[in-house]
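Here the structure comes first, spelled out in C-alpha cells, and everything after it is commentary.
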Amino acid sequence: MAAFLHPLDKLRPGHESFEPASSASRPRVGLVLSSGGAKGLAHIGVIQVLEENGIEVDVVAGTSMGAYVGGLFAAGFNGKELESFAADMTRKRDLLDLVDPVFPPRRGFLRGRSIYERLDKSLQGKTFAELEKPFLAVATEFETLERAVIRTGEVASAIVASLAVPGVVVPVVRNGVEYIDGGVCDPLPVSLAKKTWDLDHVIAVNVLPPIGSLREAKAGDRGSRVWLKPLQFLNRHLNYFARGNLLDILRAAAMGSQMRLVGKSAREADVLISPMSPKSGWHDYHRYADYIEIGRAAALEALPKIKALLGKEKSVAPELPTLNRIEMSCI
C-alpha cells in the first residue's frame, strides 16, 4: 500500500488560516483545473497564455492531473518551466522511473511512490503554507467516498492522493486515511473554490470531453490501416497501457463518471476554457506538445472574454495556432 505518512489532516474547507493575496487595484481571480489524465497537460498551455497576457491568478484549485499542474504552478513554476517538466516525461528512462509495479496487484498496479518522490523533489518538500499562491487539491476518501479538500501539510502527497486512479494506483494513505482520485467526486471544483476563497472571478479549465464525442471518435478509428492490425492486436493483448486493456478500462470507467459530473461545475465558472482533444489516450504523455498547443488555442479564444471580465483594455489577441496537424481523440 502506498503510504505517504505525514502529520497532515484529511482536510475540510475552512480549517486553514491563510488567504489569497489581496489587491485594491484588480479583482481576485481563481484558476480551477480539471482532471483528465494526459489531456490535463493542456492546462500548461492555458497557464502560458494567461502569463503572456498579464492575467494574474491569486489562487489555484485542481483535481487529479489538474492538481498536479496546479500544485507546481502554485509553487512558483511558470508555464515554460511546466512545459519542460512535461518534456522530461517523454524520455523512456523517465517514464520507467515512475513505474513501480505492485505484485500481486490486489489494490492497484502502481504504488505511486515513484511519482511522489519525483514530485516532492521538484517541490523541494514544500508545504501548502510555503507555496507562492494558495492552492487546494481535491481527493476522495476511499472508505466514505466523500470529497476531501487538502490544503495543509506537505503538497506532494496531497497531489498523489488526488490522482490515485482507482484500480491503477494503490490508494494513498495520509494521516491514517486512504484516498483515491479526486475526479471520483469533484473533477472540476469550481463551487469549492468559490466557497473556500473570497474571489471575484473563477476561470475554469475543463479537458474532459462531452459524452457524445466518444462515438464520433471511435467511428473515426475504424478506418485504421489494415497492415497495422496485427501489431495493434499484439499491443492490445501484451501492453497493459494499450487501449482496451485492463488499466485503460479502469481509467475509462472512472473518466466516464467524471464526464457526467463536470457539466454542472463548468456552468458555475465565470469563464470556461475547454481544450478538447478528441483523439488520444489518458496516458499519451509523449504528446505533451500537442496538448499544450490545444490548451493555448482554447485560452487564446477565451482571452477577450477574460479581459472584458477583468476590465483590462482591449487588445488584439495573438493569432490562433493551426490545429489541423494535431491528431485528436477522446480517451
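Each residue of the sequence shown is one higher than the last, beginning at 1 in the working numbering. We put the CB at the ideal spot given by N, CA and C, even for glycine. Because the structure is a prediction, the values reported are computed rather than measured.
- A contact between stretches requires three or more CB pairs, one per stretch, nearer than 8 Å, and the segment 294-304 fails this requirement with the segment 255-269.
- Counting of Cβ neighbours within 10 angstroms places Lys-264 among the exposed residues, the total staying below 16.
- In terms of CA proximity to Glu-178, Leu-163 leads the group Val-190, Pro-189, Asp-186, Leu-163.
- Across the set Pro-209, Tyr-68, Ala-61, the C-alpha of Tyr-68 shows the shortest separation from the C-alpha of Ile-115.
- In this structure, Leu-131 places its C-beta atom within 7 Å of the C-beta atom of Ala-74.
- Secondary structure note for Gly-71: its alpha helix (DSSP H) is the uninterrupted segment 65-74.
- Counting along the chain, the unbroken beta strand (DSSP E) around Val-202 starts and ends at 201-205.
- By the C-beta density criterion, Gly-125 is exposed, having fewer than 16 other C-beta atoms within 10 angstroms.
- For the pair Pro-27 and Asp-200, the CB atoms are nearer than the 7 Å cut-off.
- When the alpha-carbon of Gly-182 is set against those of Gly-37, Ser-122, Pro-304, the nearest one is in Gly-37.
- Distance check between Ala-87 and each of Pro-104, Glu-52, Thr-127, Ile-44 places Ile-44 closest, using alpha-carbon atoms only.
- Gly-108 is bridged by DSSP to Gly-167.
- If you ignore the 5 residues before and after Leu-272, its C-beta comes within less than 6 Å of the C-beta of Ala-204, Ala-266, all in its own chain and listed in chain order.
- Judged by DSSP secondary structure, Ala-193 falls within the alpha helix (DSSP H) whose first and last residues are 190-196.
- Under the DSSP definition of a beta bridge, Gly-30 partners with Val-59, Val-202.
- Per DSSP, the unbroken alpha helix (DSSP H) holding Arg-296 starts and ends at 288-310.
- For the set Val-170, Leu-31, Leu-261, the Cα lying nearest the Cα of Arg-113 is the one of Val-170.
- Assigned with DSSP and collapsed to three states, Phe-135 falls in strand.
- If you look at Ala-86, you'll find it in the alpha helix (DSSP H) that goes 79-88.
- Gly-54 sits exposed, since fewer than 16 C-beta atoms from the chains shown fall within 10 Å of its C-beta.
- About 6 Å separates the CB atoms of Leu-261 and Pro-187; that is less than 8 Å, so the two are in contact.
- Listed in chain order, the non-local C-beta contacts of Val-57 below 6 Å within the same chain comprise Val-29, Leu-31, local neighbours out to five positions each way being set aside.
- Ala-139 is a Cβ neighbour of Ala-148, given a cutoff of 7 Å.
- With a cutoff of 7 Å on beta-carbon distance, Gly-70 and Gly-76 are scored as not near each other.
- The three-state reading of DSSP puts Ala-38 in helix, counting H, G and I together.
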